[in-house]
Structure formats: C-alpha cells, structure tokens
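Structure first, then comments.
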Amino acid sequence: MGKDLILVSPLTCLERLLALMVRPDFWGIVAGSLGRILAGFFLGLVLGILIAAATARWQFLYPLFSLPMNIIRATPVASFAILALLFLSGPGFSIFIAFLMVLPLVWSNVHEGLTHLDPQLLEMARVFRLPRSAVLKQIIFPSTLPYLLSAVRVGLGFCWKAGVAGEVIAIPANAIGTQLYNAKVYLETGDLFAWTAVIILLSMALERCAVWLLDRGAKRLHLQKEGKGC
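As structure tokens, this is what we get:
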C-alpha cells in the first residue's frame with residue numbers, strides 16, 4: 003500500500019519487533035503480562051479441577067454449578083470486562099478475566115473425563131482395596147489426562163487473548179495490552195503489529211510448553227506403571 007500509517011509491511015513489523023526487544027523495559031512488560039494472565043489461568047485450572055471432582059463425586063452438585071458455568075461461557079468477554087471495571091482495576095483486572103475464561107472450560111472437560119471412568123477398573127480397585135493415592139495415580143489421572151490436555155490447550159489461548167484484551171481496557175503498568183492501547187492512540191501502526199506478533203508468539207510458546215509438561219508427566223507415570231508391573 004505504501005502507507006505505513008494504515009498497514010505496515012512485514013519487514014517494517016519485523017524491524018519494530020527487533021527494536022522493541024532491545025528496549026530495557028520490553029522483557030519487564032512481557033513478564034508482567036505473563037505473570038498476571040498465568041496467575042488467572044492457574045487459579046481457573048485448580049478451581050475448575052476441584053469443582054469437577056466435586057460435581058463428578060456428588061451428582062446433586064452438578065445442576066448448582068452447570069448453570070453459572072454455562073452463563074460464564076456464553077457471556078461475551080466485553081460484557082465481563084465492563085462489569086469487572088466496576089470492582090477491579092489495574093493488575094487484578096486481567097487476572098480475573100483470564101480466570102473466568104479458563105474456569106468453565108476446565109470444569110466441563112475434567113467433569114466429562116471423570117464421569118467416563120471405566121467402572122470395571124474402579125470396581126477392581128475396590129476389590130483389591132487399593133489406596134486412594136494409587137487409584138488417583140493409576141486410574142483417574144491417566145483416564146482424565148486427554149480431557150485435561152484439551153482444556154489446557156484451548157484454555158491457554160482463550161485466557162491469553164482475553165487477558166491482553168482486559169489489559170487494553172484497564173491499562174495497568176507494564177502490560178502488553180497497555181502498549182497496544184498506546185500504539186493505537188499515537189498511531190504507531192508498526193508497534194501495534196509488532197506487539198500483536200509478540201502476543202501470537204507467546205501464545206504458541208505457552209501452548210507448546212503446557213502440552214510438553216503434561217505429556218512428560220504422563221510418560222513418567224506410564225513408565226512408573228510399567229516398572230511396577232515388571
């Protein structure tokens with residue numbers, strides 16, 4: 003187009019990205035956003051697993067949680083962001099938005115995995131009076147791992163994008179979303195595309211790291227089972 007104010011070339015975007023990476027505050031900004039959004043992700047992950055365990059164990063709890071979870075899942079991020087601004091600001095805002103994005107996803111996937119456990123394996127565990135730790139490690143975790151892996155893979159992308167969008171609205175210090183907002187206000191289109199590239203690259207890296215860690219844990223667990231079997 004020849005008009006960098008509207009749409010920059012890939013070369014210009016790469017140049018701005020390299021220029022940003024040598025800035026002294028670049029990695030602090032990236033670390034700030036990563037810390038807040040990952041905090042919200044892990045809060046949603048842990049609470050989602052706990053609620054899924056409760057709703058799978060006690061069926062009467064399922065209707066109590068399914069309605070609010072479905073409401074959270076169906077409500078647009080912008081609506082939650084506007085409502086959350088009434089009570090939260092700054093760093094806590096993006097944590098809350100990321101938490102809300104991952105909570106219903108983890109709950110529904112893990113609950114599905116727990117309700118589809120092999121009843122024969124559970125009966126065998128009761129007959130042989132296996133300790134709860136062994137049942138958890140040898141039966142429950144391997145059976146629910148594919149569901150958890152799917153939730154982590156999708157949830158990381160959702161909470162990362164929603165968390166950055168929340169930063170654009172709340173404008174906290176040391177945040178990627180704040181840099182996107184400033185680039186838009188000052189018509190720095192090159193920086194806008196460069197920070198967008200940072201978001202995409204970090205999203206891909208986070209997903210790969212999470213999948214690698216879960217796969218590594220599953221393989222180690224499988225090797226332990228084979229060793230005990232031998």
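Position 51 of the sequence shown, counting from 1, maps to 53 under our numbering, and the rest follow consecutively. Every residue, glycine too, gets a C-beta built ideally from N, C-alpha and C. Every value quoted in this text rests on a predicted model; they were computed, and no experiment measured them.
- Scanning the stretch 117-186 for uninterrupted alpha helix (DSSP H) segments of 4 residues or longer gives 121-129, 134-137, 143-172, listed from N- to C-terminal end.
- When the beta-carbon positions are compared, serine 96 and glutamate 169 come within less than 8 Å of each other.
- Beyond the five residues adjoining it in sequence on each side, isoleucine 51 comes within less than 6 Å, by CB distance, of Val112 in the same chain, given in chain order.
- Going by C-alpha positions, glycine 92 is about 11 Å away from serine 35.
- With a contact defined as Cβ atoms closer than 8 Å, threonine 191 and valine 10 qualify at about 5 Å.
- Collapsing the DSSP output to three states places tyrosine 64 in a helix.
- Between the alpha carbons of proline 12 and leucine 102 lies a gap of roughly 34 Å.
- Using a Cβ distance threshold of 8 Å, glycine 165 and isoleucine 39 count as a contacting pair.
- Secondary structure at serine 96: helix, using DSSP grouped into helix, strand and coil.
- Between valine 200 and glutamine 61, the alpha-carbon positions lie close to 43 Å from each other.
- Cβ contact annotation for threonine 57 (same chain, cutoff 7 Å, sequence separation greater than five): Leu63, Tyr64, Phe67, His113, in chain order.
- The residue among Trp109, Cys15, Ile173, Gln122 with its C-alpha nearest the C-alpha of leucine 150 is Trp109.
- For the pair glycine 179 and leucine 105, the CB atoms are not nearer than the 8 Å cut-off.
- Where phenylalanine 44 is concerned, the enclosing alpha helix (DSSP H) starts and stops at 28-59.
- Rounded to the nearest angstrom, the Cβ distance from aspartate 193 to arginine 25 is 11 Å, too far for a contact under 8 Å.
- At a Cβ-Cβ threshold of 8 Å, alanine 212 and valine 154 count as neighbours.
- Cβ atoms of alanine 83 and isoleucine 171 come within 8 Å of each other, at about 5 Å.
- One Cα belongs to alanine 33, the other to tyrosine 188, and the distance between them is close to 24 Å.
- Between the alpha carbons of lysine 139 and leucine 132 lies a gap of roughly 11 Å.
- Taking C-beta atoms under 8 Å as the contact rule, leucine 216 and leucine 147 qualify, at a distance of about 7 Å.
- Scanning its chain for C-beta atoms nearer than 8 Å, with the 5 sequence neighbours on each side dropped, one finds around lysine 186 the residues Leu194, in chain order.
- Shown here, phenylalanine 89 sits in coil according to DSSP, grouped into three states, outside any helix or strand.
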